[in-house]
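Asks: So the sequence shown is residues 0 to 107, counted in numbering that gives the first Met the number 0. Ideal Cβ placement from N, Cα and C applies to all residues, glycine included. Encoded as structure tokens, here's the structure I'll be asking about.
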Amino acid sequence: MRSWIIILPNLSANAMAIFPFIILKNKAQKQDLVLINHEQIHLQQQLELLVLPFYLLYLLNYLINLVRYKNHYLAYFNISFEKEAYHFEKDLNYLSIRKWYSWIKFLR
0 MRSWIIILPN
10 LSANAMAIFP
20 FIILKNKAQK
30 QDLVLINHEQ
40 IHLQQQLELL
50 VLPFYLLYLL
60 NYLINLVRYK
70 NHYLAYFNIS
80 FEKEAYHFEK
90 DLNYLSIRKW
100 YSWIKFLR
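So, in structure tokens, the structure goes:
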């Protein structure tokens, strides 16, 4: 999948994916293949959910986790979309074998 990279130095996160863009804090991050792979996993998740439902489910999963864990970081890292992306970010071949809706396996 082709994605466009945008550099935003004032980005509050390290990086983010907003279909079809990957937004990075600095140009050097373009060389970080693990980071790019992580964000491309998110782009695939967004694509399979037709983008807008991805954001709604992402937010809902975060809010449920926030109530459950009462901690921003635990809530974030337990979002099913993030769990899949972190789990497979170092596998640079993952997107070529990934089945659609694989993030569902990370729900609990």
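Three-state secondary structure (DSSP) at L48?
Replies: Looking at L48 - three-state DSSP - the assignment turns out to be coil, as it is neither helix nor strand.
Asks: Round the Cβ separation of I22 and M15 to the nearest angstrom and send it over; I've been treating them as touching at under 8 Å.
Replies: Contact holds; Cβ gap of about 5 Å.
Asks: Just grab the DSSP bridge partners of F20 for me.
Replies: For F20, which the question treats as bridged, DSSP gives the partners W3, I17.
Asks: Give the single residue among F18, P8, N13, L58 whose Cα lies nearest to the Cα of R1.
Replies: That would be F18, whose Cα lies nearest to the Cα of R1.
Asks: DSSP state of R67, grouped into three classes?
Replies: Here R67 sits in helix by DSSP.
Asks: Straight-line CA distance for E38 to A84?
Replies: Taking the straight line from one Cα to the other gives about 8 Å.
Asks: Taking the alpha-carbon positions, what's the L59 to K26 distance?
Replies: About 32 Å.
Asks: Between the alpha carbons of N64 and Y57, how many angstroms are there, rounded?
Replies: In a straight line, the C-alpha of N64 is about 11 Å away from that of Y57.
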